[in-house]
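Just below is one structure, and these are the notes that go with it.
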Amino acid sequence: MSTVLKQIIAFVKQEPYYVPRAYQTIGGMWTVDTWQRAGVSVKVMDEGYTTVVEAPQVRVIDGVRGIEFEKGSEEQLQQLWEQLSEPEEKKAVRFRKM
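Numbered according to this note's numbering, the sequence shown terminates at residue 232, and the numbering increases by one at each position without gaps.
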């Protein structure tokens, strides 16, 4: 897993951002746990073997075959991390200038 992907997952996958499931599963197979933060969702499925990171510009699957980009690129993933990790004060200044 790439460092940037790990950073995004750690940023989003925190208890306050967990989205409770609306259903119960039997045996736990195909369970999807979801966290959402700042327009990015992290989904863990297949009993932890597959992680999906989704944002408007990217969809990345980290599974048994490695990392696959269904949408976007490594560069766009890096840009997403830069936006997410930008300090709140800097974001506020950037939006005031718009």
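Glycine included, every Cβ here is placed at the ideal spot set by N, Cα and C.
Using a 10 Å radius around the Cβ and a threshold of 16 neighbouring Cβ atoms, would you call F229 buried or exposed? Its pLDDT being 49, under 50, F229 is placed unreliably in this model, and the coordinates cannot settle the point.
V153, buried or exposed, once every other Cβ within 10 Å from all chains shown has been counted against 16: Under this definition V153 is an exposed residue.
Excluding the five sequence neighbours on either side, which residues of its own chain have a C-beta within less than 7 Å of the C-beta of W215, listed in chain order? Closer than 7 Å at the Cβ level, and outside the excluded window around W215, lie V138, Q141 and I142.
Run through DSSP, which three-state label would T168 get? Note: T168 maps to strand in three-state DSSP.
Length at least 4, wholly inside the segment 197–226: the alpha helix (DSSP H) runs in chain order: Runs of the alpha helix (DSSP H) lying entirely within the segment 197–226, each at least 4 residues long, are 208–219 in chain order.
Hey, quick one: how far does the alpha helix (DSSP H) through V140 stretch, first residue to last? Position check: residue 140 holds Lys in this sequence, whereas Val was assumed. Looking at the DSSP string, the run of the alpha helix (DSSP H) that includes K140 is T137 to V146.
Only counting the same chain, and skipping five residues up and downstream in sequence, which positions put a Cβ closer than 6 Å to that of D167? For D167, where only same-chain residues beyond five positions count, the Cβ hits under 6 Å are V178.
Report the CB separation of K205 from V192 in whole angstroms; it is logged as a contact under 8 Å. The pair is a contact, with the Cβ atoms about 6 Å apart (cut-off 8 Å).
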